[in-house]
Amino acid sequence: MNSKEQFLYKRKQDKNSDFVMWMAFPGIYSFSMSSLGYLWMFKTIDELEGVNIERICSDTEKTQFNIKDVKLFGFSFSFDLDFLTIFSMLEKYNIPLKSKDRSSQPLIFAGGPVVSANPEPYKEFFDFFIIGDGEEVNLTAVEICRQNSDRETALKLLSEVEGIYVPVYHQKRVKKLTKRLTECIYTPIISEDAFFKNTFILEMSRGCANRCGFCLASYLNLPLRCIPYDELLKTIDLGLAYTDKIALLGAQISAHPHFHDVCKYIYDKIKSGQNIEMSVSSLRVDAITSDVVKTLAAAGQKNSTLAIEAGSERLRKVINKNLTEEQIFNAVKIARDNGLKGLKFYGMIGLPTETEEDLQSIIELGKKVKKENKGFDISFGFSSFVPKANTPFQWCGRENTKSLEEKANYLKKELHKIGISSNVSSIKWDYWQAVLSRGDESLNDFVLEAYRQGGKLGAFKSAAKKLNINTDYFALKNYPFEKSLPWDFIEIKPGKECLIKENKRLVTNNYS
Ligand code: SF4
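Per my numbering, numbering of the sequence shown is gapless, rising by one per residue and ending at 540.
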């Protein structure tokens with residue numbers, strides 16, 4: 029335990045139990061301490077009387093418990109490439125990577141958005157997966173493992189629990205869990221060494237009702253659920269008793285019916301002399317109001333991010349982000365007039381049906397915004413479209429790397445000419461993300477080989493060549509609707525038929 033940590037709940041450390049569990053974060057300590065889901069899961073298990081739980085990160089040097097005493101080892105798996113760190117952490121403790129090569133404990137499991145959407149490329153490495161919201165089923169899984177020291181018995185029982193996928197049992201359907209949000213989830217430990225130093229992070233809402241066609245955060249978390257207002261205020265007060273830094277989290281927090289009230293609650297505290305720094309995750313353009321911006325500015329936030337995704341109204345319609353240009357200009361004006369110093373527009377290139385005119389529209393938009401808002405700092409960030417399993421765009425192949433890199437260079441050059449800085453995510457890494465995102469079980473040996481060869485870009489290419497895997501098939505190809513998909517067995521509402529309908533409505537109709 030780190031001495032710079034403050035626990036917001038009462039820990040019981042002298043438990044009379046020999047059941048030991050490690051909860052791992054595939055990254056360094058400072059990042060783990062800003063990971064809400066990971067820390068919350070740790071807290072809920074830590075509160076169980078019969079379980080000793082320890083947090084493990086990629087830079088953990090000394091552990092409280094010895095690996096030979098660990099019965100259960102869980103990983104938070106949030107990004108496609110997390111498997112690289114997970115493998116190196118398993119090897120650090122001499123645990124065979126493939127499940128079939130492990131005959132004793134600990135049982136290894138993973139949960140998080142990547143494996144909830146499509147666990148197939150990683151199924152040979154984990155004994156079980158938690159599919160969907162894990163807050164409650166995690167506790168059930170821990171209890172089963174605690175009461176059943178025999179590996180086979182525990183796995184059999186786990187395979188009978190809704191929301192748990194045990195690959196050796198070849199379940200025909202696995203239902204994704206969706207939790208009713210009645211209590212507010214927050215960072216139960218605050219640390220000076222966290223990436224967001226001493227920051228209390230709380231979840232205001234889960235999911236997003238906007239349903240952009242590419243967005244896994246939305247489709248994996250439907251319906252949008254909002255924390256009750258009184259619960260929010262209670263949690264904010266709890267956090268402010270420990271720190272003056274607070275961050276509100278949620279894919280679409282501005283859709284919370286009490287978002288403005290929460291901002292006002294914090295604004296009033298600041299005006300009455302309380303020192304509070306507040307930040308929010310990216311705002312939707314149509315939710316920027318003077319009250320919200322005034323609160324952010326008074327709470328020390330200088331810039332914000334606006335996800336517009338595409339430059340033209342046509343393409344924004346195709347992706348279901350129905351923002352008008354007028355709304356964008358209005359949002360910039362409100363941000364500027366109420367105290368922010370700048371805005372970063374976030375966009376995506378290579379979206380289905382994108383044309384040269386759509387790219388040109390980004391530059392035109394940049395020009396106009398710049399001209400109308402002299403002295404206001406405008407920048408752009410781009411990533412490239414990655415088809416994600418369990419979204420309406422899961423059938424859409426991605427554009428090839430060369431053409432996307434040309435587009436990225438063109439945008440950077442043209443925006444630079446008009447004095448706007450921009451950055452673009454690595455198109456090459458986005459390609460490998462797409463391969464993994466639509467991958468099937470044949471990729472298990474591929475991910476292992478990519479790891480063995482060092483996990484850099486060249487390693488992925490060389491692993492595909494060595495194993496003779498046509499990775500373009502996973503990343504670039506348009507799939508027909510009739511094709512059965514590797515992740516079809518994961519049951520996620522609204523279901524495949526609805527996704528097909530939505531794809532046809534958005535892409536096939538091709539707004540003009
Ligand atoms: S508004 Fe943002 S979070 Fe919501 S669906 Fe669109 S991209 Fe996803």
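Cβ atoms here follow ideal geometry from the backbone N, Cα and C, with glycine treated the same way.
Item: Paired residues, beta bridge with Ala138 - DSSP; Value: Phe103, Phe157
Item: Ranges of the beta strand (DSSP E) found wholly within the segment 250-321, counting only runs of at least 3; Value: 273-277, 305-308
Item: heavy atom of ligand 2 below 7 Å from Ser453 C-beta; Value: Ligand 2 is absent from the structure shown, which contains only ligand 1.
Item: Pair within 8 Å by beta-carbon distance, Thr227 and Lys273; Value: yes
Item: Proximity below 8 Å, CB of Ile362 to CB of Thr323; Value: no
Item: Extent of the continuous alpha helix (DSSP H) run through Leu244; Value: 244-247
Item: Ligand 1 site residues, beta-carbon cut 7 Å against heavy atoms; Value: Cys236, Asn238, Arg239, Cys240, Cys243, Ala245, Ser246, Ala279, Gln280, Arg312, Ala335, Glu337, Lys349
Item: Distance CB(Leu495)-CB(Glu477) smaller than 8 Å; Value: yes
Item: Euclidean distance between Cα positions of Thr206 and Ile446; Value: 46 Å
Item: Beta-carbon proximity of Phe223 to Ser62, cut-off 8 Å; Value: yes
Item: First and last residue of the uninterrupted beta strand (DSSP E) at Gln34; Value: 33-35
Item: Glu190 in three-state terms, based on DSSP; Value: coil
Item: Opposing strand residues paired with Asn451 [DSSP bridges]; Value: Gly409
Item: Backbone secondary structure at Met69 - three-state DSSP; Value: helix
Item: Residue from Val397, Glu442, Leu371, Ala325 with nearest C-alpha to Glu354; Value: Val397
Item: Contact under 8 Å by Cβ, Lys203 with Glu519; Value: yes
Item: Three-state secondary structure assigned by DSSP to Leu118; Value: helix
Item: Proximity winner among Leu266, Gly378, Lys262, relative to Asn428 (alpha-carbon distances); Value: Gly378
Item: Ala436 - containing alpha helix (DSSP H), residue span; Value: 429-445
Item: Option nearest Tyr412 by Cα separation, candidates Cys243, Trp515, Glu341, Ser512; Value: The sequence shown places Ser at residue 412, not Tyr. Among Cys243, Trp515, Glu341, Ser512, the Cα nearest to that of Ser412 is on Cys243.
Item: Where Val48 falls: helix, strand or coil (DSSP); Value: strand
Item: Buried/exposed call for Asn94, threshold 16 Cβ in 10 Å; Value: exposed
Item: Cβ pair Met232, Leu277 closer than 8 Å; Value: yes
Item: Cross-strand partners of Gln335 (DSSP beta bridge); Value: The residue asked about is misnamed: residue 335 is Ala in this sequence, not Gln. The partner list for Ala335 (beta bridge, DSSP) reads Tyr374.
Item: Beta-carbon contacts of Ile84 that lie in its chain and below 6 Å, excluding the five residues immediately before and after; Value: Trp50, Ala52
Item: The segment 402-419 touching the segment 447-466, judged by at least three CB pairs closer than 8 Å; Value: yes
Item: Exposed unless 16 or more other CB atoms sit within 10 angstroms - verdict on Gln422; Value: buried
Item: Delimiting residues of the beta strand (DSSP E) encompassing Ile123; Value: It is not in any beta strand (DSSP E) - Ile123 carries neither H nor E in the DSSP assignment.
Item: Same chain, Cβ closer than 6 Å to Gln41, five either side skipped, listed in chain order; Value: none
Item: Whole-angstrom distance between Ser60 and Asp221, CA atom to CA atom; Value: 10 Å
Item: When Ile217, Ile264, Glu442 are compared against Ala275, the one with the closest alpha-carbon; Value: Ile264
Item: Span of the beta strand (DSSP E), counted from its first residue to its last, around Ile218; Value: 217-219
Item: Cutoff 7 Å; reference Pro147; Cβ partners in own chain excluding five residues on either side; Value: Phe157, Tyr193
Item: Own chain, CB closer than 8 Å to Leu135, minus 5 neighbours either side, in chain order; Value: Lys99, Leu100, Phe101, Asp155, Phe156, Cys173, Arg179, Ala182, Leu183
Item: Ala335 versus Val143: straight-line alpha-carbon distance, rounded; Value: 25 Å
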